Every structure is written in C-alpha cells, then in structure tokens.
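*Asks:* Residue numbers (my numbering): 52 to 282.
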Ligand SMILES: Nc1nc2c(ncn2[C@@H]2O[C@H](COP(=O)(O)OP(=O)(O)OP(=O)(O)O)[C@@H](O)[C@H]2O)c(=O)[nH]1
Ligand SMILES: [Mg+2]
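1) Between the C-alpha atoms of residue 129 and residue 76, what's the straight-line distance to the nearest angstrom?
2) Measuring CB to CB, does residue 228 end up less than 7 angstroms from residue 196?
3) For residue 112, is the beta carbon positioned less than 6 angstroms from some heavy atom of ligand 1?
4) Determine whether the beta carbon atoms of residue 176 and residue 192 lie at a separation below 7 angstroms.
5) Does DSSP put residue 64 in a helix, a strand or coil?
6) Report the three-state DSSP secondary structure of residue 261 (helix, strand or coil).
7) How many angstroms separate the CA atom of residue 70 from the CA atom of residue 200?
8) Alpha carbon to alpha carbon, what distance is there between residue 155 and residue 185?
9) Taking all protein chains shown into account, decide if residue 98 is buried (16 or more other Cβ within 10 angstroms of its Cβ) or exposed.
10) CB residue 91 to CB residue 101, shorter than 7 angstroms?
11) Nearest by alpha-carbon distance to residue 190: which of 181, 174, 223 is it?
12) Cβ of residue 85 within 6 angstroms of any heavy atom in ligand 1?
13) Measure how close the beta-carbons of residue 165 and residue 194 come, nearest whole angstrom, since I'm counting them as under 8 angstroms.
14) Starting from residue 193, follow its DSSP beta bridges and name the residues at the other end.
15) How would you label residue 145, buried or exposed, when you count the other beta carbons within 10 angstroms and need 16 or more for buried?
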C-alpha cells in the first residue's frame, strides 16, 4: 500500500461529537498496552505519529487518522488498565460503545490480543460486544516477535479458543517490530474499502426525477405506438 498522506484529523474526548466521516473507517480495539497505536504506526509507515507508551493508558481519546483521503484508522482507548478509576473506565466504555453503535462509515473492527497470553475476560466481553453490534471482529495477535515460529501457531489456536471464534475466525499474527502480518492487514483493508466503493450509490434526488420523467416519456412513447396500431 502506498501511503501518500497521513494526518491525525480528529480527536474525540468523552463529550465530543463524533465526526461525519466521508470515508470508510477501520477501528482498532484492545486492552491497554496491547499495541494498538504501534500497529497503526506500522500501517501508516510512520514511527511515532500515533503516540505509544510502555505505560498503559496512553490513548485516552478516539483518534481518527486520515489515510490518503481514502479511509480512516481509528485508534480507540484501551480497556482493562487497573489504575484507571472506575468512573473513567465507565465513561470510556460508553464512548467506545457510542462509536461502535453510531458510526455509519465503520467497516471493520480489529480486536488486538497479545499473542503470548490467553484472552482475558475483558477481551472476551469486548469480542462479544463487537459481534453484538453486528461486526465480525478480525483478531490481530500482537507482539508475535516475542515467540518463535513453532509457538506462534499454537498460540493462535489458544487465542481462537479463548474467544470462541469458531474455525473460521480470522486471527492474524502481527509484530510492529518485524512488521510480520502488515501486508495481510493492508490487503484486507483495501479489499473492504473497495467492496464498499463497488456498491451502486443511491441515486441523487435530481437523478430520480430524471428517471421518473424518462419512464413517463417511455410510457408515452408506448402509448403513442399503441395509438398508431391499426384498428
Ligand atoms: N516487542 C513488541 N513490543 C510491542 C509491539 N507492539 C507494541 N509494543 C510495545 O508495547 C507497548 C505499548 O504499545 P502501544 O502501541 O502504546 O499500546 P496501546 O495498545 O496503544 O496502549 P494504550 O494507548 O495504553 O491503550 C510499547 O512499549 C510498545 O513499544 C510488538 O509488536 N512487539
Ligand atoms: Mg495507544
């Protein structure tokens, strides 16, 4: 994928109005410190545009990154960070829910899980929540560089079973260090964005009027022909 333009276009806090996106959106969810911002940087070919930190709870807003004026990557706040006060957690939860529920341009939610560990209860809740909202989450198993090749497949199976994704659930091992998995994720995003573009757009009102008039003209022609039939 050629990245011509990346720009942090909108930052939404708890009370902000969500933007009316003109382009498809791809959101990245997962527990705090799992590597959401690092993945977004890797997908944007940027080292540090999305702020990362070894301290959990770095991303506290919903951040919309404009990619090539073609789509948005949406960095969501992480969940499950013990030091965040309960009140704050509830507010973030509501903010993420509002986003998942009301964004007409959201095409896919990527759920990030640390490949080294079994999915937590929070991960399972998030997985089920995304499904309930009508999306099929694509699982990204992050920090794959921490395991050797033979361990990776075993851990992918563990993640799949932990979330109960079923046989067909998509789990992509990824590393922001080696960039393993990046091409696959790009290909998926391009495919999903294109699919939408291929859909026939709803006709504009003017076109509908023309369509109606066109049909009436055709009908009249038909009638005229009938009128011309010999009795
Ligand atoms: N080894 C390794 N470390 C990673 C990888 N991805 C992220 N990290 C490290 O994990 C830590 C957290 O990464 P972030 O990308 O900030 O995580 P986040 O999910 O955005 O975290 P919050 O914003 O707090 O929700 C940082 O120290 C990263 O350098 C990876 O693929 N491999
Ligand atoms: Mg982050």
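From the three backbone atoms N, C-alpha and C, an ideal C-beta is built for every residue, glycine too.
Small disclaimer: the values here were computed from a predicted structure and weren't measured.
*Replies:* Short version:
1) 18 angstroms
2) yes
3) no
4) no
5) coil
6) Per-residue confidence for residue 261 stands at a pLDDT of 44, beneath the threshold of 50, marking its modelled position as unreliable; the derived number appears in the next sentence. Here residue 261 sits in helix by DSSP.
7) 41 angstroms
8) 12 angstroms
9) exposed
10) yes
11) 223
12) yes
13) 6 angstroms
14) 165
15) exposed
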